[in-house]
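To convert, take the position in the sequence shown, counting from 1, and add 668; that gives my numbering.
Glycine residues also receive a C-beta, built at the ideal position from the N, C-alpha and C atoms.
Read the structure below first, then the notes.
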Amino acid sequence: MKKILMRRKAAIEARMKEIRADLEGDKTEASAVEQLQKEVDDLAAELEEIKKALENPEDDEDPEDDPENDPAAPTGGGEGRTGDNSEPNENRSGIDQEKRNAIVNNIMRSLSSESRTKAKEGEQRKAFANLLVGRISESEARAMGVETSNGKVLIPETLSKEIITYAQEENLLRKYGSVVRTKGTQGYPILVKKAKAQRIKTERTLENPIPQTDIDFDEVFLNPSEIDSLVLVTKKLLAMTDMPVEQAVIEELKKSYVDEEANYFFNSTDNPGSLIQKAVAFTHSDTDVYNKLVRLKNTVPTSKLKNARWMMNRSALTAIETLKDKNGNPLLRESYIEGSFGYKILNFPVDVTDYVDAGTPDVPRLYFGDFSSFHIQDVINSMEVSKLLEKYSDTNHVGFKIWHLNDGQLVYGPYEPTVFKLELTDGTTSA
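Spelled out as structure tokens, the structure:
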């Protein structure tokens, strides 16, 4: 029975796709729209019943009642096929756009499945890219699920996730931080006054009650701000090349966006919660580099050591790997440093990123602690792209601007700092 239902389901979906292709390709006569509407409604109802039956295999049905045994049931070449024998332009220009869109939307809803969803996401991504470089119109893009408004294109959810995934790979604070997606104000309470308990060896009396102690919290609010990036492409390139320019545009927008975001999270002086601003500067009179690392490791609160890791630039990595003992042998051997780019130092994982440079790549700088306390807020549905035609028309360029609202800050209380900073300068520590 299940095989029969699956075959019938496939036949209905094939017919729906055929109708959709005819509608979107202007191969349908205006006089046939009403007939197609009824056919699609009937197919959608039947498909829904089949899906329910497949979800409940315990329901017994008579195979003789199966739609596939009905010779009148519509198939890929059934009576609903329209327009094949008509003249190329006969009655086709008169199709009501709203009616056609309604039928297509009904078909899309009926074909909804995991595979259909993936296909739709691919179509949406392709439509978004083609709209950027002017290969399709806004109305065509909207028909494929791309949202536009006043020349701005809201980045599809799938592409937005792709950009954020790329950001996680390049921006380590996205990878190890805590991300929340919301439109409202996002706050994080931090303890600024602790409670105090007492011990008493005699029983409490009215004259000797429990002393009252207060606890107090402060709250850090994330403050999303605008982040944008601009890419210029020549009109000549768009007109003459066969290469997928739209994909290159998307890639460049991703890279430039992530670069700006990462620098804001790591190094911005305008961000009070940026890593370089908020991480606790580690200071100690010991001038030995190895001893500094050990002391820094043991400064992080015990509760934060479980998820702690090192994050450093290449200069710091070089300074650590070239440490020698009195006999000139490497001080940190394989028991401490294993492999390359993904190893451990003093039994804690290491990540190397140029964003730790903060504009000074020659300064050996590193961070150590629990980076999950770096909180990031992405404002839902705020990532969009604008296509700028007039602004750069005098130089025959087209501009593409990506725009997003977000914030990222390191958040911790005075009693439990989570991330420390150290600069391995000659004989001194960071200030």
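#1: In terms of residues, what are the limits of the alpha helix (DSSP H) holding lysine 843?
#2: Less than 9 Å between the C-beta atoms of proline 1032 and alanine 976, yes or no?
#3: Name the DSSP beta bridge partners of proline 1082, please?
#4: Here's the rule: buried if 16 or more other CB atoms are within 10 angstroms of the residue's CB, otherwise exposed. What is valine 708?
#5: What residue range is occupied by the uninterrupted alpha helix (DSSP H) comprising methionine 979?
#6: Grouping DSSP H, G and I as helix and E and B as strand, with all else coil, what is valine 847?
#7: Straight-line CA distance for isoleucine 944 to glutamine 880?
#8: With DSSP collapsed to three states, give me the class of valine 701.
#9: Determine the closest residue to isoleucine 1070 out of Val957, Leu874, Glu929, with distance taken between C-alpha atoms.
#10: Tell me which residue opens and which closes the beta strand (DSSP E) that isoleucine 1048 is part of.
#11: Using beta-carbon positions only, say whether asparagine 939 and glutamine 1077 come within less than 9 Å of one another.
#12: Thinking C-beta only, is leucine 711 closer than 9 Å to leucine 673?
#13: Would you mind reading off the limits of the alpha helix (DSSP H) that contains leucine 943?
#14: Let me know the secondary structure DSSP gives lysine 1055 once reduced to three states.
#15: Near tyrosine 1080, what residues of its chain come up, given a Cβ to Cβ distance below 6 Å and the 5 sequence neighbours on each side ignored?
#16: Tell me, which residues are paired with glycine 1067 by DSSP?
#17: Output the distance between the C-alpha atoms of aspartate 690 and lysine 671, rounded to the nearest integer angstrom.
#18: Measuring CB atoms only, is the stretch 887 to 900 touching the stretch 918 to 929, in the sense that at least three cross pairs come out at less than 8 Å?
#19: Would DSSP call aspartate 710 helix, strand or coil?
#20: By a C-beta neighbour count over all protein chains shown, 10 Å radius and 16 as the cutoff for buried, is aspartate 1038 buried or exposed?
#21: Output the distance between the C-alpha atoms of glycine 996 and arginine 982, rounded to the nearest integer angstrom.
Short version:
#1: Per DSSP, lysine 843 belongs to the alpha helix (DSSP H) from 840 to 844.
#2: Contact annotation: proline 1032 and alanine 976 have beta-carbon atoms that are not nearer than 9 Å.
#3: Answer is none; proline 1082 lacks a bridge partner.
#4: Classification of valine 708: buried, given that the 10 Å Cβ count is 16 or more.
#5: No alpha helix (DSSP H) contains methionine 979, which is instead part of the beta strand (DSSP E) from 977 to 980.
#6: Residue state, collapsed to three classes: strand.
#7: Those two C-alpha atoms are separated by around 39 Å.
#8: Reduced to three states, the DSSP call for valine 701 is helix.
#9: The candidate whose alpha carbon is nearest that of isoleucine 1070 is Glu929.
#10: Annotation: isoleucine 1048 is outside any beta strand (DSSP E) and is labelled neither H nor E by DSSP.
#11: In terms of Cβ geometry, asparagine 939 and glutamine 1077 form a close pair [threshold 9 Å].
#12: Not closer than 9 Å, so no.
#13: Its alpha helix (DSSP H) spans residues 943 to 946.
#14: Lysine 1055 sits in a strand when the DSSP states are folded into three classes.
#15: Cβ within range, chain order: Ser1041, Thr1086.
#16: In the DSSP assignment, the residues bridged to glycine 1067 are Leu900, Leu1056.
#17: One C-alpha to the other measures close to 29 Å.
#18: When C-beta atoms of the stretch 887 to 900 are compared with those of the stretch 918 to 929, three or more pairs fall below 8 Å, so the two segments count as touching.
#19: If DSSP states are grouped into helix, strand and coil, aspartate 710 belongs with the helices.
#20: Taking all protein chains in view, the Cβ of aspartate 1038 is crowded by 16 or more other Cβ atoms within 10 Å, so the residue is classified as buried.
#21: About 22 Å.
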